[in-house]
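What follows is one structure encoded as structure tokens, with my remarks underneath.
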Amino acid sequence: MQHQLEQNCFAFLALLLYRYRFLVQETTLIYFLLSAVLTRETPRPKSACVPSEKYSETSERSTQVTQPSWYASQ
Numbered sequence: 001m002q003h004q005l006e007q008n009c010f011a012f013l014a015l016l017l018y019r020y021r022f023l024v025q026e027t028t029l030i031y032f033l034l035s036a037v038l039t040r041e042t043p044r045p046k047s048a049c050v051p052s053e054k055y056s057e058t059s060e061r062s063t064q065v066t067q068p069s070w071y072a073s074q
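First residue of the sequence shown: 1, per UniProt numbering; consecutive thereafter.
Now the structure itself:
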């Protein structure tokens, strides 16, 4: 549904841009405003959030980088 709405909006804007080429600046502004509104992220529900203790624990583990033994010799 959201994808269809985006396609319809962009098709409408393309038609406006073609019909009223002398209003390119205004149409471009409307295009960017609409695309910003349509593509903004919807807030996630609270249940989807990861607990902070678990997040910090996994992020510490994922940031530890080990270099291969052959890298130091070069």
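We treat Cβ as the ideally placed atom computed from N, Cα and C, and that holds for glycine.
Item: C-alpha distance - Q4 paired with R19, whole-angstrom precision; Value: 22 Å
Item: Cβ-based neighbour list, C9, same chain, cut-off 7 Å, excluding 5 preceding and 5 following; Value: L34, L38
Item: CB contact flag (I30, L13, <9 Å); Value: yes
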